[in-house]
Amino acid sequence: MTRKLMIKSFSTMRQVILREPGPRTALTPELVVFSPNQDLQDRQALVRVAACAVAYRDIIDRTGGFPFMNKPTVLGHEVAGVVERAAADSKLKAGDRVVSLHWGQYDGEAWPSPFLHKKAMKSFLGLTCNGGYAEYMTAHDSAFVKVPSPKQWTAIDAAPVMSTFGTVWQGAVVRGGLTKNERVLVTGAAGGVGSSAISIASRLGAYVIGATGSVTKKAAFMKSLGASEVIDSSSGFSKSIGGVDMVIECVGAPTFSESLRALKPGGRLILIGNVTNANAQLPLGLCIVKSLSVIGTDSIEANELPKLFDWLDNEKLRPTVDKVMSLEEAVEAHRLVEERSVTGRIVLDVNSAIW
Ligand SMILES: NC(=O)c1ccc[n+]([C@@H]2O[C@H](COP(=O)([O-])OP(=O)(O)OC[C@H]3O[C@@H](n4cnc5c(N)ncnc54)[C@H](OP(=O)(O)O)[C@@H]3O)[C@@H](O)[C@H]2O)c1
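Here's what the structure looks like:
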């Protein structure tokens, strides 16, 4: 019997670590020893990170919004990268250009939820499995999807697609059945998800009303993406906007009540995010007499994501990238997101030249 001797070579990599949830300064850039030929198990893939977007969920993660977080952790779940190595039984191979999902979807689950699947729970990027604020990351291969036409994309543009356009696609188009000529209200409409919601809804022929707390600063941006109207989200708006068929709710508790009241009879509220820890009250009578639907949605299913990339190519649409920053600037990126001064997404250029 011959024995294979595996000699592990060691190298270093840059990463931003979070040892304990806390303020922005809890994010620490560091250089760590790393083995590029580490053992890979259970269909794992080792991905070299090209770019990682900074999302509002990163703020929730960093401040301890998810009690099951493994500590320490590397944040970042909006990743574009190149497969360096993959386990022998993996569907991925070295050189594949991939983007991440929020977690491993274990191939074709109809309602992928990490809360229902122990295995998926182990690959919740940035929480139970290290994410993309690093030069390399390892996860189950079902946490990645191959980009169908990688040459048409830069890593910087590809990184935010899953969570921004993807969540709107799954919620408003696949589940919500958004159609031409509908009136659609988008809250948090200048943010990463909200700006994608304006783009998707207006391209599909809807009349789009964008809501923001900073009309003066952000209206021109929202109109450039296709919003027909821009309204102030910080005061009661339900009576003044004249009834909508759909709300794409990207803010949650602060706007939920007004959003629900803005719906026409039969209207749908697509619930994408909640930027606070607060809960909203659901007025049951209103939902009943107006036959309203509240549709919660959890990012995009793996098999929808390649279709979305193709649709974006056909529409010549790309995410709005407000700023490209270095990995070491993650703390500053978090400050800008928390202070609501970003339009679209910030993307960390980890090593975009490898794409
Ligand atoms: N379901 C999913 O799978 C999924 C996927 C992606 C994101 N999300 C969630 O969706 C939400 C938005 O994410 P994002 O990445 O688009 O965030 P983002 O880029 O930071 O945008 C959020 C927008 O909400 C507005 N906002 C922030 N705090 C607010 C407050 N206290 N009151 C009213 N408006 C406020 C800001 O707009 P103005 O300053 O212009 O008002 C901001 O631009 C987050 O809760 C995120 O966790 C969920």
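Take 23 as the starting number for the sequence shown in this note's numbering and just add one per residue. From the three backbone atoms N, C-alpha and C, an ideal C-beta is built for every residue, glycine too.
Is Ile231 close to ligand 1? I mean its beta-carbon at under 6 Å from any heavy atom of the ligand. Result no, Cβ not under 6 Å from ligand 1.
Look at the alpha carbon of Ser250 and the alpha carbon of Ser33, and state the distance between them as a whole number of angstroms. C-alpha separation (whole angstroms): 53 Å.
With a threshold of 6 Å (Cβ to nearest heavy atom), would Lys240 be considered close to ligand 1? Yes.
Distance, Cα to Cα, Glu106 vs Gly227? Between Glu106 and Gly227, the C-alpha separation is close to 41 Å.
On the DSSP letters alone, give me the boundaries of the beta strand (DSSP E) that Ala194 sits inside. Per DSSP, Ala194 lies in no beta strand (DSSP E) segment and is marked neither H nor E.
On a CA-only basis, which of Gln66, Arg119, Gly235 and Ser112 is nearest Lys144? Give me that one, please. Nearest Cα to Lys144 within the set Gln66, Arg119, Gly235 and Ser112: Gln66.
Proximity to Val346 [Cα-Cα], best of Ile292, Thr209, Ala223 and Val369: Val346 has its Cα closest to that of Val369, out of Ile292, Thr209, Ala223 and Val369.
Hey, out of Ala72, His162 and Pro43, whose CA is closest to Val104's CA? Nearest option by C-alpha distance: Ala72.
Pull the bridge partners of Gly248 from the DSSP assignment, please. The partner list for Gly248 (beta bridge, DSSP) is empty, contrary to what the question assumes.
Cβ neighbour criterion (16 or more within 10 Å) applied to Asn152: If you draw a 10 Å sphere on the C-beta of Asn152, you find 16 or more other C-beta atoms in it, and that means buried.
Compare the C-alpha of Thr160 against each of Ile263, Asp64 and Leu327 and name the closest. The candidate whose alpha carbon is nearest that of Thr160 is Asp64.
Which term fits Phe90, buried or exposed, when burial requires 16 or more other beta carbons within 10 angstroms of its beta carbon? Classification for Phe90: exposed.
What's the call for Met23, buried or exposed, on a 16-neighbour Cβ count within 10 Å? Its pLDDT being 40, under 50, Met23 is placed unreliably in this model, and the value from its coordinates should be taken loosely. Met23 is exposed by the Cβ-count criterion.
Roughly how far, in whole angstroms, is the beta-carbon of Gly366 from the beta-carbon of Gly214, given that I think they are within contact range, below 8 Å? In this structure, Gly366 and Gly214 form a Cβ contact; the two beta carbons are roughly 6 Å apart against a cut-off of 8 Å.
Between the Cα of Thr150 and those of Pro172, Gly198, Thr189 and Gly86, spot the shortest distance and give me the residue it belongs to. Among Pro172, Gly198, Thr189 and Gly86, the Cα nearest to that of Thr150 is on Gly86.
Mapping DSSP to helix, strand and coil, what is Trp333? Under the three-state reduction of DSSP, Trp333 is assigned to helix.
What number of angstroms, rounded off, separates the C-alpha of Phe331 from the C-alpha of Pro170? Approximately 7 Å, taken between the alpha carbons.
Cβ atoms of Ala275 and Ile253: under 7 Å apart, would you say? For Ile253 and Ala275, no; Cβs fall outside 7 Å.
Beta carbon of Val297: closer than 6 Å to some heavy atom of ligand 1? Relative to the non-hydrogen atoms of ligand 1, the Cβ of Val297 comes within a distance shorter than 6 Å of at least one.
Pick from Lys141, Lys239 and Ile222 that is closest to Lys338, judged by C-alpha positions: Here the closest residue by C-alpha is Ile222.
List the residues that DSSP assigns as beta-bridge partners of Cys74. Val101 and Leu370, per the DSSP bridge assignment.
Is any non-hydrogen atom of ligand 1 found closer than 6 Å to the C-beta of Ile321, if you look at the structure I gave you? Here residue 321 turns out to be Ser, not Ile, going by the sequence shown. Yes, Cβ of Ser321 sits closer than 6 Å to a heavy atom of ligand 1.
Report back the beta-carbon spacing between Gly44 and Val101 to the nearest angstrom; my notes put them in contact at under 8 Å. Rounded to the nearest angstrom, the Cβ distance from Gly44 to Val101 is 23 Å, too far for a contact under 8 Å.
Would you mind listing the alpha helix (DSSP H) stretches within the segment 131 to 212 that are 4+ residues and don't spill past its ends, in chain order? As for any alpha helix (DSSP H) of minimum length 4 sitting wholly inside the segment 131 to 212, the runs are 140 to 143, 177 to 180 and 187 to 190, ordered along the chain.
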